Each structure stands twice: as structure tokens, then as C-alpha cells.
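> Supplied in C-alpha cells, the structure appears directly below.
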Amino acid sequence: MLAIRVVLALVFTILIEFLVYAVIIRKDYGRLIFYSILINSVTNPLLNFLQGSFNIIPLEILVFFAEIFLIKYLLEIDYKKAVGISLIANLLSFVFGFFLLLFIFW
Amino acid sequence: MKYLVLIVLLFSLTLVSADMITPGEKTISIENKITNIHDFPEYIFVSTGRLGDVGKYNEMCGLELVGDDGVILGGGYKFCSFSVYAVKEQEFNEEILNSGNVNEINNYLDLYATEVVQNVRFSESASLSDTRELILNSYSIKLEEPSIEPNNIEIERNYLVYFYILVPIFALIIIAVVLIKRRKHASH
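Each protein sequence line maps, in turn, to chains A and B.
Going by our numbering, the first residue of the first sequence is number 34, and it counts up by one from there.
Going by our numbering, the first residue of the second sequence is number 84, and it counts up by one from there.
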């Protein structure tokens, strides 16, 4: 059950963040889903791994900052845009992911 | 940008729940069970904890009766040392044990209780990367001498830890390859 939840959390995050990238970048959708898989495969498992010992809010902030750099270099955009994308993507994935998993499992 | 990162990092540090468990560590639950409790029908078993070497019971550590299933309940202040004591049924006095009077309970246990299990632990700290989730200790007790170590230890593991660690490493390697290839391609 925990394994399914962890994998689902990763899949939901990848999809939600891909939608944010797609709405803002509006091109190369195949490349965007690939980068969303890569970026979230770095941050999401680590977030789930550490949230047992650390408060989720500072962890989310760290993820937000880490993703700025990953988005900037992978999507080849400027910092300002990367900050915006990372902020929206992480806010949405946090809120939607939380409620979606809550709705499915509890 | 640098200052913003620094401020957020400092702010984040204040929110870390360091008072709960040490950051970077997790708590592994330990379940303890007496397997041969039915060999002693004339005894009642009590688990208590003490602080340091003072007495057998301290109110911060609690006192629990061991049920028919042999499961040892307990767990309190992290510095408590827990033991299980056997008390003969005809000498068992629940009123004293429930009184909450530390001296009275300690005097009673000194007189009537025989230590059968020593050094019972209900949890332990471990690194976040530790795959152990639950430890099940089984004790086969003797009245003549206390068991110090469990006779059998079963460990339930959670292999998701490998997912949490290996997936990000694998993804980072692919990201590095993508960026290096792109740089090489751009330089040509």
C-alpha cells in the first residue's frame, strides 16, 4: 500500500508539473514530459524519504529552489521564468497531490 | 538571489522538528513478546521502567500488566530502562500497583517481584536509510534468571528506502548526461 502511494505521488507530481511546463512553455511537449519525469524523479522520492524526520514546509521550499536550477538548465530558460514555473508547479503539485491522495486513500 | 536562498535556508532550519527525533534519523518500533507465558499460570507479569539505578519503577516510565498473549506493553521517557517482573498470583496486589505511589510500588516490587526480562526496548533510532521498519523480539523466560537478550528476533523491512535513494541518483545521472551531450552538441 505504501509503495503504491509513493509511486502514485510521483506520477501525480510528474503529470501536474508537466501541465504547468506545457501551459507556460507551449512547445516540445515530448521533451517537457521527459524533463518533468527527470526533475521529479530527483526531488519527489527524496521529499517522501525525508518528510518522516523533517517538517514538510521547509522541505518543499528546498525542492522549490532545487527545481529552479533543474528547470533553468533542462528547459533552457532564464532564471525569472524558472522561478515562476517552479513556484507554480510545486504549489499545485503540493495542493493537488495532497488532496488527490487524501481522496483516494482515506 | 543568494541572500534570499540564505534567508529561506535559515528559516527552514527553525522549522525542523529536531525536538521529536534527530533529523536524519527515524524511530524503529520494537514489539516484545513472552512466548512461554502459559508455562507460568500461577504468576502475573508486570512491565515497569526505572530511571538510572533507582528502584524498579518510576512514574515517568509507566507500569503495565502483560496480557495472556504475552505482549509486553510499555514505553515512556526515552531514558527509562524497562524490565518485566513476575509476581505470584496470591501475592499480586493491583491496588498498590495502581496507587501511583512510587515508594509503595517500589517496596512492593522489591518484596514480591522477580525480574524475568531485563533491558526491554520499545523503539530505537536509526538512520533514515535503514530498511528496518519493525523489530519483533521474542523472549522465552525463566524464573531463575532474567533474560537479557531476546531468544528470537524477527525484523520487518521496508525496501522502499532503495526506491527513495536510487531513483534520484539514476535521474541525476540522466540529467548530467543530457546536459553534457547538449554542451558537446553546442560546442560543435
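Note that CB positions come from ideal geometry on N, CA and C, so glycine has one too.
On a predicted model such as this, the values are computed, not experimentally measured, just so you know.
Does the distance from the C-beta atom of Val129 of chain B to that of Val149 of chain B stay below 8 Å?
Taking the second sequence and counting its residues from 1, one reaches residue 129 of chain B at position 46. Taking the second sequence and counting its residues from 1, one reaches residue 149 of chain B at position 66. Contact flag set, yes.
> Candidates A:Arg38, A:Gly117 and A:Phe136: which alpha carbon is nearest Ile58 of chain A's?
For the purposes of this step, residue 58 of chain A is taken as the residue at position 25 of the first sequence. It is A:Gly117 whose Cα lies nearest to the Cα of Ile58 of chain A.
> Tell me the rounded alpha-carbon separation between His121 of chain B and Ile224 of chain B.
Start at 1 with the first residue of the second sequence, and residue 121 of chain B comes out as number 38. Start at 1 with the first residue of the second sequence, and residue 224 of chain B comes out as number 141. Whole-angstrom Cα-Cα distance: 11 Å.
> Which residues, in order along the stretch 255-267 of chain B, keep a beta-carbon less than 9 Å from a beta-carbon of chain A?
Answer in chain order: Leu255, Ile257, Ile258, Val261, Leu262 and Arg265.
> Assign Pro124 of chain B to buried or exposed, taking buried as 16 or more other Cβ atoms, counted over all protein chains shown, within 10 Å of its Cβ.
Reading the second sequence from its first residue, position 41 is the one you call residue 124 of chain B. Pro124 of chain B should be labelled exposed.
> Tell me which residue opens and which closes the alpha helix (DSSP H) that Ser270 of chain B is part of.
For the purposes of this step, residue 270 of chain B is identified with residue 187 of the second sequence, where counting begins at 1. Looking at the DSSP string, the run of the alpha helix (DSSP H) that includes Ser270 of chain B is Leu243 to Ser270.
> Should Lys161 of chain B be flagged as near chain A, meaning a C-beta pair shorter than 8 Å?
As a working note, residue 161 of chain B is residue 78 in the second sequence. It does not: the Cβ of Lys161 of chain B has no partner Cβ on chain A nearer than 8 Å.
> Excluding sequence positions up to five away, which residues of its chain have a Cβ less than 6 Å from the Cβ of Leu219 of chain B?
Locating residue 219 of chain B in the second sequence gives position 136, counting from the first residue. Correct list, in chain order: Glu114 and Glu237.
> Does the beta-carbon of Ala169 of chain B have 16 or more other beta-carbons within 10 angstroms, so that it is buried, or is it exposed?
Mapped onto the second sequence, residue 169 of chain B falls at position 86. Answer is buried; the Cβ neighbour count reaches 16.
> Taking the alpha carbon of Leu108 of chain A as the reference point, which residue from A:Leu48, A:Asp61 and A:Leu41 has its own alpha carbon closest?
Locating residue 108 of chain A in the first sequence gives position 75, where the first residue counts as 1. Nearest option by C-alpha distance: A:Asp61.
> Closest to Thr118 of chain B by CA distance: which of B:Tyr222, B:His268, B:Glu232 and B:His271 is it?
Counted from its first residue, the second sequence places residue 118 of chain B at position 35. Of the listed residues, the one whose Cα sits closest to Thr118 of chain B is B:Tyr222.
> Flag Leu124 of chain A as yes if its beta-carbon sits less than 8 Å from any beta-carbon of chain B, otherwise no.
For the purposes of this step, residue 124 of chain A is identified with residue 91 of the first sequence, where counting begins at 1. It does not; no Cβ of chain B falls within 8 Å.
> State the DSSP-derived secondary structure class of Lys171 of chain B, mapped to helix, strand or coil.
Numbered from its first residue, the second sequence carries residue 171 of chain B at position 88. Three-state result, Lys171 of chain B: strand.
> Using a beta-carbon distance below 8 Å, is Leu211 of chain B in contact with chain A?
For this step, residue 211 of chain B is matched to residue 128 along the second sequence. Chain A contact via Cβ: present.
> My output table needs one value for Asn123 of chain A: the three-state DSSP class, helix, strand or coil.
Along the first sequence, one-based indexing puts residue 123 of chain A at 90. Note: Asn123 of chain A maps to helix in three-state DSSP.
> In the DSSP assignment, find the alpha helix (DSSP H) that holds Ser130 of chain B and state where it starts and stops.
The residue you call residue 130 of chain B lines up with position 47 of the second sequence. Segment Tyr126 to Leu134 is the beta strand (DSSP E) holding Ser130 of chain B; no alpha helix (DSSP H) there.
> Does Val39 of chain A get closer than 8 Å to chain B when you measure Cβ to Cβ?
For the purposes of this step, residue 39 of chain A is identified with residue 6 of the first sequence, where counting begins at 1. It does; some Cβ of chain B falls within 8 Å.
> Do you know offhand how far Ile110 of chain A's Cα is from Gly63 of chain A's?
Along the first sequence, read from residue 1 onward, the residue named residue 110 of chain A stands at position 77. Along the first sequence, read from residue 1 onward, the residue named residue 63 of chain A stands at position 30. When rounded, the distance between both Cα atoms is 17 Å.
> List, in order along the chain, the chain B residues whose C-beta lies closer than 8 Å to that of Ala99 of chain A?
Counting from 1 along the first sequence, the entry for residue 99 of chain A is found at position 66. Going along chain B, no residue has its Cβ under 8 Å from Ala99 of chain A, so there is no contact; the nearest lies around 10 Å.
> Can a CB atom of chain B be found closer than 8 Å to the CB of Ala36 of chain A?
As a position in the first sequence, residue 36 of chain A is number 3, starting the count at 1. Yes, its Cβ sits closer than 8 Å to a Cβ of chain B.
> Does the Cβ of Lys171 of chain B have 16 or more other Cβ atoms within 10 Å, making it buried, or fewer, making it exposed?
For the purposes of this step, residue 171 of chain B is taken as residue 88 along the second sequence, with counting starting at 1. Result: exposed.
> Leaving out five residues on either side along the sequence, give the residues of the same chain with a beta carbon under 6 Å from the beta carbon of Lys114 of chain A.
In the first sequence, residue 114 of chain A corresponds to position 81, counting from 1. There are no such residues.
> Return the first residue and the last residue of the beta strand (DSSP E) that Tyr222 of chain B is part of.
For this step, residue 222 of chain B is matched to residue 139 along the second sequence. That run of the beta strand (DSSP E) goes Arg215 to Tyr222.
> Do the stretch 90-109 of chain A and the stretch 67-76 of chain A meet, that is, are 3 or more Cβ pairs less than 8 Å apart?
Contact between the stretch 90-109 of chain A and the stretch 67-76 of chain A is present, because at least three Cβ pairs lie under 8 Å.
> What in chain B is Cβ-close to Phe82 of chain A, meaning under 8 Å?
As a working mapping, residue 82 of chain A is identified with position 49 in the first sequence. Result: Leu211, Val244, Tyr247 and Ile248.
> Could you tell me which chain A residues have their CB closer than 9 Å to the CB of Glu108 of chain B, listed as they occur along the chain?
To locate residue 108 of chain B, count along the second sequence from 1; it is residue 25. Result: Ser86.
> Would you say Glu108 of chain B touches the ligand NAP, meaning its beta carbon is less than 7 Å from a heavy atom?
Judged by which ligands are present, the structure shown has none, so any question about the ligand NAP falls away.
> Please list the terminal residues of the continuous alpha helix (DSSP H) segment that includes Leu80 of chain A.
Counted from its first residue, the first sequence places residue 80 of chain A at position 47. Leu80 of chain A -> alpha helix (DSSP H) spans Tyr62 to Leu83.
> Can you tell me which of the three DSSP states Ile118 of chain A falls into?
The count along the first sequence starts at 1 and reaches residue 118 of chain A at position 85. Helix.
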